[in-house]
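Peer 1:
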Amino acid sequence: MDLFDLLMQRRSVRNFEARPIPDEIVDRLVQAANNAPSGGNIQPLSIVLVQAAENRARLAELVGEQPWVRNAPLSMIFCLDFHRVKRWAALNDTEFLGERAFSHFLIAYADLMAAAQTVTVLAESLGIGSVYVGTIQSNVGAAREVFELPEHVLPLMVLTLGYPKTVPHRIPKLKPEVIVHREKYRASSDAEIAAAFDAKYGAFDRKDESYLEKAFIEAVEADKQGGDGWSRMTMKEMTRLEISNNAQFLFRFRYPAEEMVKLNARIIDSFRRAGFDFFGEE
Ligand SMILES: Cc1cc2nc3c(=O)[nH]c(=O)nc-3n(C[C@H](O)[C@H](O)[C@H](O)COP(=O)(O)O)c2cc1C
Numbered sequence: 301m302d303l304f305d306l307l308m309q310r311r312s313v314r315n316f317e318a319r320p321i322p323d324e325i326v327d328r329l330v331q332a333a334n335n336a337p338s339g340g341n342i343q344p345l346s347i348v349l350v351q352a353a354e355n356r357a358r359l360a361e362l363v364g365e366q367p368w369v370r371n372a373p374l375s376m377i378f379c380l381d382f383h384r385v386k387r388w389a390a391l392n393d394t395e396f397l398g399e400r401a402f403s404h405f406l407i408a409y410a411d412l413m414a415a416a417q418t419v420t421v422l423a424e425s426l427g428i429g430s431v432y433v434g435t436i437q438s439n440v441g442a443a444r445e446v447f448e449l450p451e452h453v454l455p456l457m458v459l460t461l462g463y464p465k466t467v468p469h470r471i472p473k474l475k476p477e478v479i480v481h482r483e484k485y486r487a488s489s490d491a492e493i494a495a496a497f498d499a500k501y502g503a504f505d506r507k508d509e510s511y512l513e514k515a516f517i518e519a520v521e522a523d524k525q526g527g528d529g530w531s532r533m534t535m536k537e538m539t540r541l542e543i544s545n546n547a548q549f550l551f552r553f554r555y556p557a558e559e560m561v562k563l564n565a566r567i568i569d570s571f572r573r574a575g576f577d578f579f580g581e582e
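Mapped onto the numbering used here, the consecutive letters of the sequence shown carry residue numbers 301 to 582.
1) Reducing DSSP to helix, strand and coil, say where Lys-507 ends up.
2) Specify whether the stretch 567–579 and the stretch 533–546 touch according to this definition: at least 3 beta carbon pairs, one from each stretch, less than 8 Å apart.
3) Go through its chain and collect everything with a Cβ distance to Leu-449's Cβ below 7 Å, but skip five positions before and after it.
4) Quick one: is Ser-430 near chain C, going by C-beta distance under 8 Å?
5) Which whole-angstrom value describes the C-beta separation of Leu-426 and Leu-345, a residue pair presumed to lie in contact below a C-beta threshold of 8 Å?
6) Determine the contact status of Glu-521 and Trp-368, defining contact as a CB-CB distance below 8 Å.
7) For Arg-444, count neighbouring C-beta atoms within 10 Å of its own C-beta (all shown protein chains included) and say buried if the count is 16 or more, exposed if not.
8) Does DSSP put Lys-475 in a helix, a strand or coil?
9) Compute the distance between the beta-carbons of Gly-429 and Val-561, then report whether it is under 8 Å.
10) Sorry if obvious, but does the Cβ on Glu-361 come closer than 7 Å to a heavy atom of ligand 1?
11) Assign Phe-378 to one of three DSSP states: helix, strand, or coil.
12) Kindly indicate the opening and closing residues of the beta strand (DSSP E) around Ile-325.
13) Would you decide whether Lys-386 is buried or exposed? Buried here means 16 or more other CB atoms lie within 10 Å of its CB.
14) Would Arg-328 and Leu-422 be called neighbours here (beta carbons separated by less than 8 Å)?
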């Protein structure tokens, strides 16, 4: 298939067959990740392959009991790894201070996502579906313990993979012309912004469960896989919080604005415990 068509048909997959991904394909996914671009070609990346049932279950717990992480045959934990780079520098009578340099962190995180996205594209071309699981960011400390990550290694993204059982179809997107700017940024009017998101999500209806297929596919998929009444709980919360539009659904329920700010303390603390400190004294 043409690469463009492949990319246009890609969807995050959360419902996987139990059959494992053959070792030689896992090996290719790792090779492709390793061949992704890397700032300065420093390659501050480690990937933990999680395939054993008990480790999948532990990882699922760490990411908020997302059932696909437990059920999928493979999850890859993408770790920002300054441990290896620091040791190498020290062994060579020099110093690498990535754990204190925000610039190194930003570039390394970009490397990590470039590698992960390379894996999703290769996987897709091989008939393997994948879904990012970003919630590991809220549980870096526990994940470091479970997977025995040394100082200066941060587990920052999980990619869960397997052969798709079903693929979601109703995922809305902004129109490409909304995100593109030619030569210079052109600020949209309030009316254009409202219209862009209306076109994306369509009408809001608190009582219509099929709304979740567009706005919270995770809940629908979790329920299919024995999750604990995610959709029912979501509909109840929508009523309790008096959610009356798409934006409120996202920023009052799914990502409550104040709660997201409060998460900073937890994330920063877990980074500090891993030996990172970007914002301390120079
Ligand atoms: C950084 C990032 C974090 C994500 N975290 C999760 C997650 O924790 N759980 C999940 O089920 N999907 C997660 N996703 C997948 C998104 O929900 C998905 O990409 C989005 O709904 C758009 O659907 P599509 O990938 O099918 O286009 C994540 C995606 C990205 C890029």
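Just so you know, even glycine gets a beta-carbon here, dropped at the ideal spot from N, CA and C.
Peer 2: Answer, in terms of the structure:
1) coil
2) no
3) Cys-379 and Pro-455
4) The chain inventory of the structure shown lacks chain C, comprising one protein chain alone.
5) Actually they are not in contact, since the Cβ atoms of Leu-426 and Leu-345 sit about 21 Å apart, beyond 8 Å.
6) yes
7) buried
8) coil
9) no
10) no
11) strand
12) Per DSSP, Ile-325 belongs to no beta strand (DSSP E); it is in the alpha helix (DSSP H), 323–334.
13) buried
14) yes
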